[in-house]
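K.L.:
The structure is given below, and queries will be raised subsequently.
Numbering (the working numbering), first residue to last: 6 to 321.
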């Protein structure tokens, strides 16, 4: 089955001339790394590629070679639309939805809706970057140093530094292969998972001041007021969720981030094979994995917090 899909993708990429690649809204390291890794490989093969993130590139990934090519808008015509690390069409930025559903959908989320003409979806893969590390050569493309660094960044971020429960020997072998192609893991690891701006640290402080625990569940809240107070420019939680997931005796962590226009972004993390937070996020129109999931929900911060905490308690 996978070989047949690989053949279709290879044929389509061979015919393509002007390619658009995007990831999901509020892109993380796997979305950015996958888009950049594939885009640079296609450019190396002589294709005209536009890598577009209308939300902009998160500051933490600006060091990646080739990241300066990432645009906020599409320029001119395209003949092939590719989405990476995006489980649902609705998770593609609305400005890009006008191009219609993607021709190729490449993703590892178990909740993927298979919305494209060609769907390469592998829920057992630890990251979309892991999938691309395997499949890019099958499409007749070469993974150079810059592509390798981008893909390894995706692997590192989605596995929290090779620590998630879905880590497997294959992913470690892929990391070694990407290192042999020139990716330098100490620097990529530090920049993706450890380095934070001063404003992000201040933002963490605001969230930690709201920290609460109820049994096996811990949560924190980041309001628009908090973001403004420290002048944090991102629209995410500055990775606070992964900090909360390290709290002992609290296998489930949740962060609520207030967004403009009456929306709230909710992130879940779970430790141990017993919990499935993707099941909870799906109740709110979100998705993800058993151990890491998210949803963007319409409503007030307090209302959404109460609803989400109530639903999450049901799986404990």
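Glycine residues also receive a C-beta, built at the ideal position from the N, C-alpha and C atoms.
#1: Could you confirm whether any beta carbon from chain C is found closer than 7 Å to the beta carbon of residue 11?
#2: Taking buried to mean at least 16 other C-beta atoms within 10 Å of its own C-beta, is residue 132 buried or exposed?
#3: With three or more beta-carbon pairs closer than 8 Å as the criterion, would you say the segment 91 to 99 touches the segment 63 to 73?
#4: With a threshold of 16 other CB atoms inside 10 Å of the CB of residue 127, please say whether the residue is buried or exposed.
#5: Using the C-alpha atoms, what's the distance from residue 196 back to residue 21?
#6: Kindly indicate the opening and closing residues of the alpha helix (DSSP H) around residue 105.
#7: Are there three or more Cβ pairs, one per stretch, closer than 8 Å when the segment 261 to 275 is compared with the segment 225 to 244?
#8: Kindly identify the DSSP beta-bridge partner or partners of residue 263.
#9: Do you know whose CA, among 317, 301 and 308, lies nearest residue 5's CA?
#10: Does the segment 36 to 48 come close enough to the segment 139 to 151 that 3 or more CB-CB pairs lie under 8 Å?
#11: Taking DSSP as the reference, what is the three-state secondary structure of residue 224?
#12: Hey, out of 211, 239 and 79, whose CA is closest to residue 64's CA?
#13: Kindly indicate which three-state DSSP category residue 161 falls into: helix, strand or coil?
#14: Drop a sphere of 10 angstroms on the beta-carbon of residue 220, count the other beta-carbons inside from all chains shown, and report buried for 16 or more, exposed for fewer.
#15: Assuming residue 69 contacts residue 158 under a Cβ cut-off of 8 Å, what Cβ separation, rounded to an integer in Å, is found between them?
#16: Indicate the three-state DSSP secondary structure (helix, strand or coil) for residue 219 in the structure shown.
#17: My assumption, with CB atoms under 8 Å, is that residue 17 sits in contact with residue 53. Please give the rounded CB distance.
#18: Grab me the residues of residue 236's own chain with a C-beta within less than 7 Å of its C-beta, minus the 5 sequence neighbours each way, in chain order.
#19: Would you say residue 188 and residue 135 are within 7 Å of each other, going by their C-beta atoms?
#20: Determine the contact status of residue 277 and residue 116, defining contact as a CB-CB distance below 7 Å.
#21: Of the choices 267, 241, 271 and 225, whose alpha-carbon is the least far from that of residue 252?
#22: So the candidates are 210, 88, 167 and 255; which of them puts its Cα closest to the Cα of residue 137?
#23: Just verifying my parser: in three-state terms, what is the DSSP assignment at residue 190?
#24: Measure the beta-carbon distance from residue 172 to residue 321 and round it to whole angstroms, keeping in mind my assumption that it falls under 8 Å.
P.N.:
Walking through what the data contain:
#1: This model lacks chain C altogether, as it is built from one protein chain only.
#2: Locating residue 132 in the chain shown gives position 127, counting from the first residue. Buried, because 16 or more other Cβ atoms sit within 10 Å of the Cβ of residue 132.
#3: no
#4: As a first step, residue 127 is located in the chain shown; it is residue number 122 there, counting from the start. Looking at its Cβ environment, which holds 16 or more other Cβ atoms inside 10 Å, residue 127 is buried.
#5: In the chain shown, residue 21 corresponds to position 16, counting from 1. In the chain shown, residue 196 corresponds to position 191, counting from 1. About 34 Å.
#6: Position 100 of the chain shown, counted from the first residue, corresponds to residue 105. Per DSSP, residue 105 belongs to no alpha helix (DSSP H) and is neither H nor E.
#7: yes
#8: In the chain shown, residue 263 corresponds to position 258, counting from 1. Looking at the DSSP assignment, residue 263 forms a beta bridge with 269.
#9: Beyond the ends of the chain as shown, which are 6 and 321, falls residue 5; an answer cannot be given.
#10: yes
#11: Along the chain shown, one-based indexing puts residue 224 at 219. Three-state result, residue 224: strand.
#12: As a working note, residue 64 is residue 59 in the chain shown. When each option's Cα is compared against that of residue 64, the closest is 239.
#13: Taking the chain shown and counting its residues from 1, the one referred to as residue 161 is at position 156. DSSP places residue 161 in helix when its eight states are reduced to three.
#14: One-based indexing of the chain shown puts residue 220 at position 215. When all chains shown are included, residue 220 counts as exposed.
#15: Sequence index remark: in the chain shown, residue 69 carries index 64 (1-based). Sequence index remark: in the chain shown, residue 158 carries index 153 (1-based). Correct: roughly 6 Å between the Cβ atoms.
#16: Reading the chain shown from its first residue, position 214 is the one you call residue 219. If DSSP states are grouped into helix, strand and coil, residue 219 belongs with the strands.
#17: In the chain shown, the residue the question calls residue 17 occupies position 12. In the chain shown, the residue the question calls residue 53 occupies position 48. Cβ atoms of residue 17 and residue 53 stay farther apart than 8 Å, at about 15 Å.
#18: Against the chain shown, residue 236 aligns to sequence position 231. Around residue 236: 204.
#19: Here residue 188 refers to the residue found at position 183 when the chain shown is read from its first residue. Here residue 135 refers to the residue found at position 130 when the chain shown is read from its first residue. No, the Cβ-Cβ distance between residue 188 and residue 135 is not below 7 Å.
#20: As a first step, residue 277 is located in the chain shown; it is residue number 272 there, counting from the start. As a first step, residue 116 is located in the chain shown; it is residue number 111 there, counting from the start. No.
#21: Mapped onto the chain shown, residue 252 falls at position 247. Nearest option by C-alpha distance: 225.
#22: Within the chain shown, numbered from 1, the residue matching residue 137 stands at position 132. When only C-alpha atoms are compared, the closest one is 88.
#23: Within the chain shown, the letter at position 185 stands for residue 190. Note: residue 190 maps to helix in three-state DSSP.
#24: Translated into the one-based positions of the chain shown, residue 172 becomes position 167. Translated into the one-based positions of the chain shown, residue 321 becomes position 316. The pair is not a contact, with the Cβ atoms about 25 Å apart (cut-off 8 Å).
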